[in-house]
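Enquirer: Oh and the sequence shown: position 439 is 439 in full-length UniProt numbering, straight run, nothing missing.
No residue lacks a Cβ here, since even glycine has one placed at the ideal position from N, Cα and C.
Provided herewith is a single structure, encoded as C-alpha cells, for subsequent inquiry.
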Amino acid sequence: MNAPQRHNSFRLESYWMPFTANRQFKASPRLLTRAEGMYYTSDDNRQILDGTAGLWCVNAGHGRSEIADAVGRQLSTMDYAPSFQMGHPIAFEFAERLAEIAPGGPSAGLDRVFFTGSGSESVDTALKMAIAYQRAIGQGTRTRFIGRERGYHGVGFGGISVGGILNNRRVFPQLPGTDHLRHTHDPARNAFVKGQPEHGAELADDLERLVALHGAETIAAVIVEPVAGSTGVLIPPKGYLERLRAICDRHGILLIFDEVITGFGRLGAPFAVDFFGVVPDLVTTAKGLTNGAIPMGAVFASRKVHDALMQGPESQIELFHGYTYSGHPAACAAGLATLSIYREEGLLTRASEIETYWHNAVHSLKGLPNVTDIRTIGLIAGIELDSRAGAPGSRAYDAFVDCFERGLLIRVTGDIIALSPPLIIETSQIDAIVETLADALNQVA
Ligand SMILES: Cc1ncc(COP(=O)(O)O)c(C=O)c1O
1 MNAPQRHNSF RLESYWMPFT ANRQFKASPR LLTRAEGMYY TSDDNRQILD GTAGLWCVNA
61 GHGRSEIADA VGRQLSTMDY APSFQMGHPI AFEFAERLAE IAPGGPSAGL DRVFFTGSGS
121 ESVDTALKMA IAYQRAIGQG TRTRFIGRER GYHGVGFGGI SVGGILNNRR VFPQLPGTDH
181 LRHTHDPARN AFVKGQPEHG AELADDLERL VALHGAETIA AVIVEPVAGS TGVLIPPKGY
241 LERLRAICDR HGILLIFDEV ITGFGRLGAP FAVDFFGVVP DLVTTAKGLT NGAIPMGAVF
301 ASRKVHDALM QGPESQIELF HGYTYSGHPA ACAAGLATLS IYREEGLLTR ASEIETYWHN
361 AVHSLKGLPN VTDIRTIGLI AGIELDSRAG APGSRAYDAF VDCFERGLLI RVTGDIIALS
421 PPLIIETSQI DAIVETLADA LNQVA
C-alpha cells in the first residue's frame, strides 16, 4: 500500500472523485486553484490555458465578476426558497429571459422552461415529460425510449439507459425497453472534415428499423445529441437530423435534442436547433446556462408537450416531478447574469466569427504522428489518434498529461482529444492550443 498522499494541508483520500482513476490521480494529482478569463492557475502556480471551457460549460470565460456579484447579492437577499407550490420572482424572470432566446425562435414554440440541477437531471426530466405527454394524449403504450450508440446523456438511470457508452452501462441495470440507433461516426467516408460530413444521412433510417422491430405504438421518444461531445465529437452528417425529425413525425415519436454541450453558443448559434434548423419537441440544457458558476439545468419544452399536460382539474399537479433545487435563486441569479454577458458580448454567435480560424488551425495538425482524423464544428474539435496496441486510450491520456504539464487543459475520451474552449478565445490563444498540442502529439508518438 502506498502511504496516504498529503497535499499541502489536506489529504486526498476522503474525496471519491467522479469519472476519475482515483488511485492513479492521487498518486500524481493535478490541482487547479484559481481561474480567470481563458486561464486556470495550478497549485504550483502555473498558468493553464483552458482548452475545454472547464467541462464544456464556462462559455463566457472564468472569473466573471458580474456573475459572482449577482450570486452574492441573491444569497444575501434570499438564499433559498422552495419551488413546490411556492414561487420566487427570479425563477420566473429567468424562465422568461430564456423563453425569449428559446431554441428555434418564437415559431418553434420551445418556450416552456423547467429547471433542474444538472444535465443528467434535465435528461431524466425530458424523458419523463415525453412519457407523460404520450399518456396525456391517449398514447399510454408509448413507454420505450430510443437513444443512440455513443450517445452521452449523463449518469442518471434514464441517461445511461438511452446513452450508448459501454462503460457507463456495463455494471448497472437499465430502463426496460430502451434501444439504440446506430452512431454516425464513419471515418472511412468522412475523415478530416470541417463542419458537417457529407455521408451518412441514411443512418437516420435506422429509426425505421427500430419502429419495424418494436412498433411505433411502443416508442415515446428518441433522444440524441445534435453533436455528440463526450464520445469524441461526432458531427451529424448533412441531412441526418432532418431525416430523424421526419421519421419521428411520421410515427408520432417525440424528438429530444440533448443540448447540454451545444446549447448557449458552442456552435456559433444560440442552440444547435438554430444552427441546424431542425426543431425537436424537447431540448435539454445545463452547463453554459450559468457559465458553470452554479449547478443548474433547464429543459425547454414545446407548447405542444406542455399544453397537453395542462389539462384536468386545475387543483391537480400536472407533472409529478421536480427537484429541491429546481429554480434555485442563486442559480437563477447566475443564469440571468450569464445571459446578460452573452448578449452584451455577442457570445451566442461569436463562434461563427472565429470558426474559420479555428477550423484551419486545428486541421493544421493533420499529418502529425498517429492523427487519424480531425473534425471541427463551431468552437469544437475532435482529434482522433491511432491507439497503441493493447493499450487503448493510453496515448490520448499521455497527451492530456503532457499538455497539462505544458500549460494546456484538453479533454480526452478513449483515444480522441476533444477541444471546446471558452467562446471568448482570441486567435493567439487558438495558436497556443495548437502549438502545445503539436508538441504533445510528437511527444506521445
Ligand atoms: C450531452 C450531455 N448530456 C448530459 C450531460 C450530463 O450533464 P451533467 O454532468 O451536468 O449531469 C452531459 C455532460 O457532459 C452531456 O454532455
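Where DSSP assigns a beta bridge to Thr52, which residues make up the other side?
Expert: As a working note, residue 52 is residue 52 in the sequence shown. According to DSSP, which records beta bridges pairwise, Thr52 is partnered with nothing at all.
Enquirer: Would you say the beta carbon of Trp56 is closer than 8 Å to some non-hydrogen atom of ligand 2?
Expert: As presented, the structure is devoid of ligand 2, carrying ligand 1 as its sole ligands.
Enquirer: When you compare the CB positions of residue 522 and Ala351, do they come within less than 9 Å of one another, or not?
Expert: The chain is shown only over 1 to 445; residue 522 falls outside these bounds and no answer can be derived.
Enquirer: May I ask you to list the residues that DSSP assigns as paired with Gln134?
Expert: Indexing the sequence shown from 1 puts residue 134 at position 134. In DSSP, Gln134 forms no bridge with anything.
Enquirer: Please tell me whether Thr376 and Cys403 are closer than 9 Å, where the distance is taken between their beta carbons.
Expert: In the sequence shown, residue 376 corresponds to position 376, counting from 1. In the sequence shown, residue 403 corresponds to position 403, counting from 1. Against a cut-off of 9 Å, the Cβ pair of Cys403 and Thr376 comes out as no contact.
Enquirer: I need the DSSP call for Glu149, collapsed to helix, strand or coil.
Expert: Indexing the sequence shown from 1 puts residue 149 at position 149. Coil at Glu149, not helix or strand.
Enquirer: In this structure, how does DSSP classify Phe264 when only helix, strand and coil are distinguished?
Expert: The residue given as residue 264 occupies position 264 in the sequence shown. Residue state, collapsed to three classes: coil.
Enquirer: Quick one: any contact between the segment 354-362 and the segment 166-178, if contact means 3 or more CB pairs under 8 Å?
Expert: With the cut-off at 8 Å, the segment 354-362 and the segment 166-178 do not touch.
Enquirer: So what does Glu384 bridge to, in DSSP terms?
Expert: As a working note, residue 384 is residue 384 in the sequence shown. BP columns for Glu384 point to Asp373, Ile416.
Enquirer: Any heavy atom of ligand 1 closer than 8 Å to the Cβ of Val155?
Expert: For the purposes of this step, residue 155 is identified with residue 155 of the sequence shown, where counting begins at 1. At least one heavy atom of ligand 1 is nearer than 8 Å to the Cβ of Val155, so yes.
Enquirer: On the three-pair Cβ rule with 8 Å, is the segment 273-281 touching the segment 73-90?
Expert: Segments in contact, no.
Enquirer: In the DSSP assignment, what are the bridge partners of Val283?
Expert: Walking along the sequence shown from the start, residue 283 turns up at place 283. Val283 is bridged to Phe257, Phe300.
Enquirer: Taking the straight line between their C-alpha atoms, what separation do you get for Arg303 and Lys128?
Expert: Here residue 303 refers to the residue found at position 303 when the sequence shown is read from its first residue. Here residue 128 refers to the residue found at position 128 when the sequence shown is read from its first residue. Those two C-alpha atoms are separated by around 16 Å.
Enquirer: Would you grab the beta carbon distance between Thr285 and Ser118 for me? Rounded to a whole angstrom, and I think it's under 8 Å.
Expert: The sequence position of residue 285 within the sequence shown is 285, counting from 1. The sequence position of residue 118 within the sequence shown is 118, counting from 1. About 11 Å; that fails the 8 Å criterion.
Enquirer: Would you call Lys366 buried or exposed, if buried means 16 or more other Cβ atoms sit within 10 Å of its Cβ?
Expert: Walking along the sequence shown from the start, residue 366 turns up at place 366. Lys366 is exposed by the Cβ-count criterion.
Enquirer: Does DSSP classify Glu318 as helix, strand or coil?
Expert: As a first step, residue 318 is located in the sequence shown; it is residue number 318 there, counting from the start. Looking at Glu318 - three-state DSSP - the assignment turns out to be coil, as it is neither helix nor strand.
Enquirer: Nearest to Cys332 by CA position, among Ala21, Ala95, Thr41, is which residue?
Expert: By 1-based counting over the sequence shown, the position of residue 332 is 332. Checked all of Ala21, Ala95, Thr41; the closest Cα to Cys332 is Ala95.
Enquirer: Alpha carbon to alpha carbon, how far is Met1 from Ala21?
Expert: The residue you call residue 1 lines up with position 1 of the sequence shown. The residue you call residue 21 lines up with position 21 of the sequence shown. Residue confidence for Met1 is low, a pLDDT of 44 falling below 50, so the modelled location carries little weight and cannot support an answer.
Enquirer: How long is the line joining the alpha carbons of His180 and Glu100, rounded to whole angstroms?
Expert: On the sequence shown, position 180 is the one that residue 180 refers to. On the sequence shown, position 100 is the one that residue 100 refers to. For His180 and Glu100, the distance between alpha carbons rounds to 33 Å.
Enquirer: Span of the alpha helix (DSSP H) holding Phe275?
Expert: In the sequence shown, counting from the first residue as 1, residue 275 sits at position 275. 272-276 is the span of the alpha helix (DSSP H), which, as asked, contains Phe275.
Enquirer: In whole angstroms, what is the alpha-carbon distance linking Arg34 and Ile374?
Expert: Counting from 1 along the sequence shown, the entry for residue 34 is found at position 34. Counting from 1 along the sequence shown, the entry for residue 374 is found at position 374. In a straight line, the C-alpha of Arg34 is about 31 Å away from that of Ile374.
Enquirer: Quick check on His180: does DSSP put it in helix, strand or coil?
Expert: Looking up residue 180 in the sequence shown gives position 180. Looking at His180 - three-state DSSP - the assignment turns out to be strand.
Enquirer: Should the segment 299-313 be called in touch with the segment 72-84, which here means at least 3 C-beta pairs below 8 Å?
Expert: Output reads no: the segment 72-84 does not touch the segment 299-313.
Enquirer: Is Pro421 close to ligand 1? I mean its beta-carbon at under 8 Å from any heavy atom of the ligand.
Expert: On the sequence shown, position 421 is the one that residue 421 refers to. No.
Enquirer: Ignore the nearest five residues each way along the sequence and tell me which others in Arg406's own chain have a CB closer than 6 Å to its CB.
Expert: Sequence index remark: in the sequence shown, residue 406 carries index 406 (1-based). Thr436, listed in sequence order.
Enquirer: When you measure from the CB of Pro295 to every non-hydrogen atom of ligand 1, does any distance come out below 8 Å?
Expert: Numbered from 1 along the sequence shown, position 295 holds the residue referred to as residue 295. Checking every heavy atom of ligand 1 against the Cβ of Pro295, one is found closer than 8 Å.
Enquirer: Can you give the Cα-Cα distance for Arg388 and Asn59, rounded to whole angstroms?
Expert: For this step, residue 388 is matched to residue 388 along the sequence shown. For this step, residue 59 is matched to residue 59 along the sequence shown. Roughly 33 Å separates the two Cα atoms.
Enquirer: Closer than 8 Å: is that where the CB of Lys128 sits relative to any heavy atom of ligand 1?
Expert: Taking the first residue of the sequence shown as position 1, residue 128 is located at position 128. Lys128 Cβ: outside cutoff for every heavy atom of ligand 1.
Enquirer: Within the continuous beta strand (DSSP E) that includes Ser42, where are the two ends?
Expert: Your numbering for residue 42 matches position 42 in the sequence shown. Taken as a continuous stretch (DSSP letters only), the beta strand (DSSP E) holding Ser42 covers 39-42.
Enquirer: State yes or no: is the C-beta of His153 within less than 9 Å of the C-beta of Asp258?
Expert: Mapped onto the sequence shown, residue 153 falls at position 153. Mapped onto the sequence shown, residue 258 falls at position 258. Yes, Cβ-Cβ distance for His153 and Asp258 is below 9 Å.
Enquirer: Regarding Ile261 and ligand 1, is the C-beta to nearest heavy atom distance less than 8 Å?
Expert: Against the sequence shown, residue 261 aligns to sequence position 261. Because some heavy atom of ligand 1 lies under 8 Å away, the Cβ of Ile261 counts as near it: yes.
Enquirer: Select from Met310, Ser42, Val371, Asp124 the residue whose C-alpha is nearest the C-alpha of Gly297.
Expert: Along the sequence shown, read from residue 1 onward, the residue named residue 297 stands at position 297. Out of Met310, Ser42, Val371, Asp124, Asp124 has the C-alpha closest to the C-alpha of Gly297.
Enquirer: What is the rounded straight-line gap between the Cα of Phe320 and the Cα of Leu339?
Expert: Walking along the sequence shown from the start, residue 320 turns up at place 320. Walking along the sequence shown from the start, residue 339 turns up at place 339. When rounded, the distance between both Cα atoms is 29 Å.
Enquirer: To the nearest angstrom, how far is it from the Cα of Asp43 to the Cα of Ala399?
Expert: Looking up residue 43 in the sequence shown gives position 43. Looking up residue 399 in the sequence shown gives position 399. The straight-line gap from Cα to Cα measures roughly 20 Å.
Enquirer: Would you be able to state if there are at least three C-beta pairs under 8 Å between the segment 233-249 and the segment 197-208?
Expert: They touch, by the three-pair rule.
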